[in-house]
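Heads up, the thing below is written out as structure tokens.
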Amino acid sequence: MSGSSTARTLARHIRVLERPAPAGAMACTIAFGWRALLKIKYVPEQMFDVLVTPIMFTVMFTYLFGGALAGSTGDYLQYLLPGILAQTVVFTSIYTGVTLNGDLSKGVYDRFKSLPIWAPAPLVGAMLGDILRYTGASLIVVLIGLLLGYRPEQGVVGVVLSLLLLNIFGFGLGWIFTVLGLLLRTPGAVMTLSWLVLMPLTFVSNIYVDPATMPELLQTLVALNPVSHLVTALRGAMAGELAALSLGIALLTPALLTLTFGPLAMRLYHRKH
């Protein structure tokens, strides 16, 4: 077959073949969410902190401070466990920025930006995969709590509602660390700065003790802290006494964080490299 005949044959086949339709936003997001899950499969040690740390906090705080703060470990566990759930998800959201920064340093996202896909999919998909981390860590805390004697008065419904609240809040909070992951140069820097953000959010709250025992200034700060409202909403969901104000703030906060930091993250992502 001559060269010109081969070229004509190839040209005919190329014209016959139809270009596949580009993947939609949802398909792209799910694909990158699946990529995040595969990373856990091949690097399972990254789940160590997510799974072990909540167990340590739950057992340690219950037995170290339960008798002193509530008179008994059982009473304190009923107060503490929803707070530990909130703390676990807040701490876990750091890994959103750390993982993103690691991928950026390897040039993986340069390849993603060259693909004909929905532009936000690599970021949103990675955060979708992080929801599995939040759910897994939360279920571990609930299981440990049940073994230690915690009893949610609202039963399974209360636990499921709490998991939904935690995932929504963690998704919104994750945008802050996504921005940090895009701004900073190393995963270590992202981790260090993220802790500086999270420490006051978690410890100046109602996770561990009743704010009524605190000085007036701290009570004001605790009342302004959105994590405190998340914890109050979780306690209400577990007990069947959900307060509308705390639930509203627990839902409004991640919405505002997404609207504020989401576009900023996309702008930084497009300007990166």
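Under the working numbering, the first residue of the sequence shown carries the number 33, and numbering increases by one thereafter.
C-beta atoms are modelled at their ideal positions from N, C-alpha and C, and glycine is treated no differently.
Around the beta-carbon of P114, 16 or more other beta-carbon atoms lie within 10 Å, marking it buried.
Where W227 is concerned, the enclosing alpha helix (DSSP H) starts and stops at P219 to F235. Residue environment analysis places F235 among the exposed positions, since fewer than 16 neighbouring C-beta atoms fall within 10 angstroms of its C-beta. One alpha carbon belongs to L193, the other to Y141, and they sit about 35 Å apart. 8 Å or more divides the Cβ of L233 from the Cβ of L225.
Your pair F93 and L117 does not check out as a contact, with CB atoms roughly 13 Å apart and the cut at 8 Å. The continuous alpha helix (DSSP H) containing Q110 extends over residues T105 to T124. Sequence-distant Cβ neighbours of H261 in its own chain, meaning closer than 6 Å and more than five residues away, are S278, I281 and A282. G181 and G106 do touch by the CB rule: their CB atoms are close to 5 Å apart, below 8 Å.
Residues A57 and C60 of the same chain have their beta carbon placed closer than 6 Å to that of W150, with the five preceding and five following residues left out of the count. Assigned with DSSP and collapsed to three states, N199 falls in helix. By the CB criterion at 8 Å, G157 and A68 fall inside the cutoff. Under the DSSP assignment, W66 falls in the alpha helix (DSSP H) whose first and last residues are A57 to Y74. Under the three-state reduction of DSSP output, Q186 falls in the coil class, being neither helix nor strand. Here the segment 153-168 does not lie against the segment 238-251, with fewer than 3 beta-carbon pairs under 8 Å apart.
Cβ-Cβ separation between F123 and L230: approximately 7 Å, consistent with a contact (criterion under 8 Å).
Only residues of its own chain outside the window of five on either side were considered, and among them none has a CB closer than 7 Å to the CB of G103. CA-CA distance, M298 to P154, rounds to 10 Å. Counted as a single uninterrupted DSSP element, the stretch harbouring L147 is not any alpha helix (DSSP H), since DSSP gives it neither H nor E. Here G177 is not near T290, since their CB atoms are 8 Å or more apart. Excluding five sequence positions before and after L266, the CB atoms of its chain that fall closer than 7 Å to its own CB belong to P114, L117, A118, S194 and L197, given in chain order. Rounded to the nearest whole angstrom, the C-alpha separation of N257 and S237 is 7 Å.
With contacts defined by Cβ atoms closer than 8 Å, I126 and F209 form a contacting pair. A straight-line Cα-Cα distance of about 19 Å links V189 and L109. If you ignore the 5 residues before and after L296, its C-beta comes within less than 6 Å of the C-beta of V211, all in its own chain and listed in chain order. In terms of Cβ geometry, T128 and M79 do not form a close pair [threshold 8 Å].
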